[in-house]
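A.B. asks:
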Amino acid sequence: MVFRSAKTRIAVGSAAVALALVVTGCSSGKTTGSDSASKTLTIDKAFDLKTADPGRMYEPTGEMVDKALYETLLSFTGGDVSKVAPGLATLKVSSDSKTFTLTLTGTHKFSDGTAITADDVVFSLGRVIGVKGNPSFLLDGVTVTKKNATTVVLTTKTATPALPSILANPALGILNSKVVKAHGGTTTDKDSAEKYLNTHSAGSGPYVLSSLNLASQVVLTANKNYDGSDKPTYTRVVIQNVKGPTQKINVQGGSADVALDLSGTQATGLGSSIKVTSDPSANVIFLLLNQNPAVSKITSNPYFVKAVKESIDYADLVSIAGTGTSQAPGVVPSMFLGALKSADELKTDAAAAKSDLAKSGYAGESVTLNFPSDITLNGIEFPTLAQRIQSQLKTAGITIDLAPAPVATELDAYRNGTETIGLWYWGPDYPDPSDYLVFAPGNVVGLRAGWSATADASISKLADAATIGGSNAERASQFQDLQKALNSSGPFIPLLQPGNNIAAKSSVSGVVYNAVWTIDIAALGSK
Amino acid sequence: MGETARTVRASHPFLRYAGRRVITSILLVIGVTLVTFILTNLVPGDPVAASLGQRAAEDPAIVAHFRAEYGLDKPLVVQYFTYLGNLLHGNLGISTTTHDAVAADLAQALPATLEIAIGAIVLSVVIGVVLGTVAAYRRGKVSDHVLRVVSLAGLSVPTFWLALALYYFLYFKLHIAPGSGRLSSDFNTPHTITGLYTIDALLAGQLDTFFDALSHLFLPVLVLTLYTVGLLTRFVRTAVLEILDQDYVRAARAKGLPTRTVVWSYVLRGASIPVLTVVGLAFGSLLSGTVLVESIFSWPGIGSYAYQAASHLDLPGVMGVGLLIGVMYLLVNLIVDLLYGILDPRVRLA
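If you're matching them up, the sequences are chains A and X in order. The first sequence begins at -17 in the numbering used here and counts up by one. The second sequence begins at 8 in the numbering used here and counts up by one.
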């Protein structure tokens, strides 16, 4: 080959030198070699990740990540969130549910090899309260005191039977206080350790944080000092931010081992090499009908509320939602203590609806249904659901005007109690039925439905009884009574628990859905 | 001597022209900040409700702390001037979503988008100019009609559909393309120097990472190119047709110059100004309009960041993206304007 000009010769020469430099100095950017002991697991998840700092984290992706990085004082076994199990500590509760004594088992160590002490517990819980972040409310009214080197006592002014379930939340993971303090950690809102905790982990979980990019991926590597029961099978885990439709193709094509956000329709027809685990999620989609006559004279009429409850075709809604979805029996999701059985679900009854609608004096006026137009929950799009409800109610003679708005905008109207009919969902803050007392008259969600504290004395009485607590059996029956009353005369209509579908290659074992942390990454094995 | 040199420089028509464009651009940037700020704050909805969890948003102490931390407790005018003041120091505020500096977030997201946008614009220009010129030369013939249909198809097929369909066939069915994301999961991110994974991998001497990053660019670049090529082909065809009618082109052909010389030195040079304008606009829209492609290919670029910030009413994040895109448009326009000046003496002398 002859290069005609001097310029060309210089350019080609430099390119050749550059290439030679690159090739001779080249190394590999790959993480796994031929070593069979090193295994990478790739998980696809649509991120809602804001931080990996347990003191500030309160999003589903963060719960899953922090569950792998940190251990909590108490925990849940597998997918059963109705009973707490010991974690780093064992628990003794006083009979009035106000004093909780936690004794460290002493068998676990932090990832740097140091022992976990009561000081670490006091610091970690104190920090959650002090930084005033999203999970701070979990410990509202809780005082944390060290009794001795291995015992911590939590006290509350009022009975807090939900506290053991709360303590299993990865947001209350125990941090290595020395390490965190050395990087700006305090128990006040002056804390500046978040940056450090987004680049390193400081816990005792089965994994340590290798890298975190809130927009694209989180990489975990096995904690060499981990001595808990579920030693991780995979030495490296990559959690990638991928949306639902792409997740399906990825898991089929093999570039992902687990896909966590498939809708009911996406989870079908994946082929024999993919195993799908479908369960109802702990999210409950419901309608609220405003009881404040100043907002709507129509929806505040009890016969109208009954007519709407009887007009909705629940089975039809379940069928459009797809695999895994079930009708919500009450406001408390089916896997929690105190949930109603399917026999107690609301039922469609066209004849009763007709008669109740006539009693309500409704004369065909338009009623507005507000809903967040950009929410897709476990693959269920709120606009689709709203349209189906509109057409079902139209058959029953009720005219609905749909009023969609982006969630960031619509939240204001919902929280201020100005929606006539609202279509929303409640995701549990912690897996205990007391989280659902918010639906009682005068409480947060009750007020969003214009339901004042004095609106229904009998339901308020049932809610008060459930607040006090008791044994698990007593609590279950209290919450069931409350929900039966809510279903019968409350302003809420529990509709669906959308299905949670996890697709995994059949070579991945141990996939179990948990309502708090979606999946326990360390429990995933290889077949 | 110094005096004379300064006078010469100041009076050089191109420098005067360039100076005017730069000053206009700076004024426009300030305008962009004001418009973005007003629009962002006009959105109904409270960032507190959108950023904090349900329970946290009910706690007055947490809400007060949040408002104070992000300066939302001050009047809007004060917020704007604080923002401008911080901007002078390169501080775009702290994102309420990522809790990180917006400037740092954008510095991370921009290279991801640039990597696919640059790839797409380079390919589009090469293909678009060739196809557009061919179509113009063969005006009315079969090849012209075929190219018209192809370019119209590129423009009218919805991007997200095309992206998903190509991903399904080329990755899952044919195994030609790699999975989503910027790198395969068994590769470590190369040490960040430019943020462009291909370049960073080369600088780190990791050839396998370079080829993996390059292969991941294939699909997003292909989808963006198909759309942009459609646009450019049509523009180039129109521009070339106009030039072909000019007397100087006829004269060149009449005096028997070879076709290659006529195309390169007469036709394309004459058509370059309108084509340059469209290339500038197309590049701007590639930088700001890749949300869907980024979403399908799990590409953590500006589009994904903008969507995330908007859906959480993350005002500093939204402002940052608005400003960045505004500045990028201005920068591209400035470069295009300056290129006009170089290509066409009439522009700089006007």
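C-beta: ideal position from N, C-alpha, C; glycine also.
Against chain X, which members of the stretch 35 to 65 of chain A pass a CB distance test of less than 9 Å?
C.D. replies: D35, R38, Y40, E41
A.B. asks: When the Cα of D321(X) is compared with those of F73(X), S102(X), I250(X), A172(X), which residue comes out closest?
C.D. replies: As a working note, residue 321(X) is residue 314 in the second sequence. With distances taken between Cα atoms, D321(X) lies closest to S102(X).
A.B. asks: What does the Cβ neighbour count give for H152(X), buried or exposed, with the cut at 16 atoms within 10 Å?
C.D. replies: The residue you call residue 152(X) lines up with position 145 of the second sequence. When all chains shown are included, H152(X) counts as exposed.
A.B. asks: Count the C-beta pairs between the stretch 248 to 264 of chain A and the stretch 204 to 221 of chain X that are closer than 8 Å, then say yes if the count reaches three, no if not.
C.D. replies: No, the stretch 248 to 264 of chain A is not in contact with the stretch 204 to 221 of chain X.
A.B. asks: Within 7 Å of any Cβ in chain A, is that where the Cβ of M8(X) sits?
C.D. replies: Taking the first residue of the second sequence as position 1, residue 8(X) is located at position 1. Per-residue confidence for M8(X) stands at a pLDDT of 41, beneath the threshold of 50, marking its modelled position as unreliable; no derived number is given.
A.B. asks: Identify each residue in the stretch 468 to 491 of chain A for which the Cβ-Cβ distance to at least one residue of chain X is less than 8 Å, and report them in chain order.
C.D. replies: none
A.B. asks: Please classify L3(A): does DSSP put it in a helix, a strand, or coil?
C.D. replies: As a first step, residue 3(A) must be located in the first sequence, where it is residue number 21. Low per-residue confidence applies at L3(A): pLDDT is 47, beneath 50, and the placement is therefore not dependable enough to give any value.
A.B. asks: Decide yes or no for the touch test of the stretch 418 to 429 of chain A against the stretch 376 to 383 of chain A: beta carbon pairs closer than 8 Å, at least 3 of them.
C.D. replies: The stretch 418 to 429 of chain A vs the stretch 376 to 383 of chain A: no contact.
A.B. asks: Mind pulling the alpha helix (DSSP H) runs of 4 or more residues that sit fully within the stretch 472 to 497 of chain A?
C.D. replies: none
A.B. asks: Could you give the first and the last residue of the continuous alpha helix (DSSP H) run that contains W168(X)?
C.D. replies: The residue labelled residue 168(X) in the question sits at position 161 within the second sequence. Per DSSP, W168(X) belongs to the alpha helix (DSSP H) from 166 to 173.
A.B. asks: Buried or exposed for R146(X), going by 16 or more other Cβ atoms inside 10 Å?
C.D. replies: Counting from 1 along the second sequence, the entry for residue 146(X) is found at position 139. Exposed, since its Cβ has fewer than 16 Cβ neighbours within 10 Å.
A.B. asks: Let's see if you can read the secondary structure: which residues bound the alpha helix (DSSP H) around I37(X)?
C.D. replies: To locate residue 37(X), count along the second sequence from 1; it is residue 30. It spans 20 to 49 - the alpha helix (DSSP H) in which I37(X) sits, taken as one unbroken run.
A.B. asks: Within its chain, find whatever has a CB closer than 6 Å to the CB of N223(A); leave out the 5 residues flanking it on each side and keep chain order.
C.D. replies: Counting from 1 along the first sequence, the entry for residue 223(A) is found at position 241. F29, S198.
A.B. asks: Could you list which residues in chain A have their beta carbon closer than 7 Å to that of G324(X), in chain order?
C.D. replies: Against the second sequence, residue 324(X) aligns to sequence position 317. Under the 7 Å cutoff, chain A gives no residues; its nearest Cβ is about 11 Å from G324(X).
A.B. asks: For A289(A), which of helix, strand or coil comes out of DSSP?
C.D. replies: Taking the first residue of the first sequence as 1, we reach residue 289(A) at position 307. Three-state result, A289(A): helix.
A.B. asks: Using 8 Å as the cut-off, can you tell me whether the stretch 45 to 52 of chain A makes contact with the stretch 122 to 142 of chain A, which would need three or more C-beta pairs spanning the two stretches below that distance?
C.D. replies: Using a C-beta cut-off of 8 Å, the stretch 45 to 52 of chain A makes no contact with the stretch 122 to 142 of chain A, since fewer than three inter-stretch Cβ pairs fall below that distance.
A.B. asks: Can you give the Cα-Cα distance for V85(X) and G78(X), rounded to whole angstroms?
C.D. replies: Within the second sequence, the letter at position 78 stands for residue 85(X). Within the second sequence, the letter at position 71 stands for residue 78(X). Spanning the two alpha carbons is a distance of roughly 9 Å.
A.B. asks: Which chain A residues are close to L320(X), counting only those with a beta carbon under 7 Å from its beta carbon?
C.D. replies: For the purposes of this step, residue 320(X) is taken as the residue at position 313 of the second sequence. Within 7 Å Cβ-Cβ: A390.
A.B. asks: Would you report the Cα separation of Y175(X) and I221(A), rounded to the nearest angstrom?
C.D. replies: The residue you call residue 175(X) lines up with position 168 of the second sequence. The residue you call residue 221(A) lines up with position 239 of the first sequence. Going from the Cα of Y175(X) to the Cα of I221(A) covers about 21 Å.
A.B. asks: Just the Cα atoms here: how many angstroms apart are G61(A) and I183(X)?
C.D. replies: Counting from one through the first sequence, the residue named residue 61(A) turns up at place 79. Counting from one through the second sequence, the residue named residue 183(X) turns up at place 176. One C-alpha to the other measures close to 39 Å.
A.B. asks: Under a Cβ-count criterion, where at least 16 other Cβ atoms within 10 Å of its own Cβ denotes burial, should A261(X) be classed as buried or exposed?
C.D. replies: On the second sequence, position 254 is the one that residue 261(X) refers to. A261(X) counts as exposed, since fewer than 16 other beta carbons sit within 10 angstroms of its beta carbon.
A.B. asks: With 8 Å as the limit, tell me which residues of the stretch 158 to 175 of chain X have their beta carbon closer than that to any beta carbon of chain A; keep them in chain order.
C.D. replies: Across the stretch 158 to 175 of chain X, CB contacts with chain A closer than 8 Å involve L171, Y174, Y175, in sequence order along the chain.
A.B. asks: What residue range does the beta strand (DSSP E) around A208(X) cover?
C.D. replies: Taking the first residue of the second sequence as 1, we reach residue 208(X) at position 201. Note, A208(X): premise wrong, no beta strand (DSSP E); alpha helix (DSSP H) at 204 to 210.
A.B. asks: Quick check on D243(A): does DSSP put it in helix, strand or coil?
C.D. replies: For the purposes of this step, residue 243(A) is identified with residue 261 of the first sequence, where counting begins at 1. D243(A): strand per DSSP, three-state reduction.
A.B. asks: With the cut-off set at 7 Å, would you say Y314(X) and V298(X) are in Cβ contact?
C.D. replies: Counted from its first residue, the second sequence places residue 314(X) at position 307. Counted from its first residue, the second sequence places residue 298(X) at position 291. It is a contact, given that the beta carbons lie within the stated cut-off.
A.B. asks: Please classify R38(A): is it buried, with 16 or more other beta-carbons within 10 angstroms of its beta-carbon, or exposed?
C.D. replies: To locate residue 38(A), count along the first sequence from 1; it is residue 56. With 16 or more other Cβ atoms within 10 Å, it is buried.
A.B. asks: T235(X): buried (16+ other C-beta within 10 angstroms of its C-beta) or exposed?
C.D. replies: Translated into the one-based positions of the second sequence, residue 235(X) becomes position 228. Buried is the call here.
A.B. asks: Using CA coordinates, which residue listed in S442(A), K163(A), T96(A) is at the minimum distance from Y208(A)?
C.D. replies: The count along the first sequence starts at 1 and reaches residue 208(A) at position 226. Nearest C-alpha to Y208(A): T96(A).
A.B. asks: Tell me which same chain residues have a C-beta within less than 6 Å of the C-beta of A246(X), skipping the five on either side of it?
C.D. replies: What you label residue 246(X) is simply residue 239 of the second sequence in a count that begins at 1. Closer than 6 Å at the Cβ level, and outside the excluded window around A246(X), lie A278, P281, V282.
A.B. asks: Indicate the three-state DSSP secondary structure (helix, strand or coil) for L23(A) in the structure shown.
C.D. replies: Taking the first residue of the first sequence as 1, we reach residue 23(A) at position 41. Strand at L23(A).
A.B. asks: Whose CA, out of A368(A), T305(A), K336(A), G312(A), lies closest to the CA of K288(A)?
C.D. replies: Counting from 1 along the first sequence, the entry for residue 288(A) is found at position 306. Cα-wise, what sits closest to K288(A) is K336(A).
A.B. asks: Within 7 Å of any Cβ in chain A, is that where the Cβ of N48(X) sits?
C.D. replies: Start at 1 with the first residue of the second sequence, and residue 48(X) comes out as number 41. By this cut-off, N48(X) is not an interface position.
A.B. asks: With A385(A) as the anchor, note down where its beta strand (DSSP E) starts and where it stops.
C.D. replies: Here residue 385(A) refers to the residue found at position 403 of the first sequence. 381 to 387 is the span of the beta strand (DSSP E), which, as asked, contains A385(A).
A.B. asks: Our contact map puts K74(A) next to A141(A) with C-beta atoms below 8 Å; I'd like the distance itself, whole angstroms only.
C.D. replies: Walking along the first sequence from the start, residue 74(A) turns up at place 92. Walking along the first sequence from the start, residue 141(A) turns up at place 159. Actually they do not touch by this definition, with Cβ atoms about 16 Å apart.
A.B. asks: Short of 9 Å Cβ to Cβ, which residues in the stretch 297 to 316 of chain X face chain A?
C.D. replies: S302, I303, F304, S305, W306, P307, G308, S311, Y312, Q315
A.B. asks: Can you confirm whether V(-1)(A), when its beta carbon is compared against all beta carbons of chain X, has any partner nearer than 7 Å?
C.D. replies: Residue numbering aside, residue -1(A) sits at position 17 when the first sequence is read from its first letter. Confidence at V(-1)(A) is low in this model, with a pLDDT of 43, below 50, so the placement of that residue should be treated as unreliable; the coordinate-derived value is given next. Closer than 7 Å: no.
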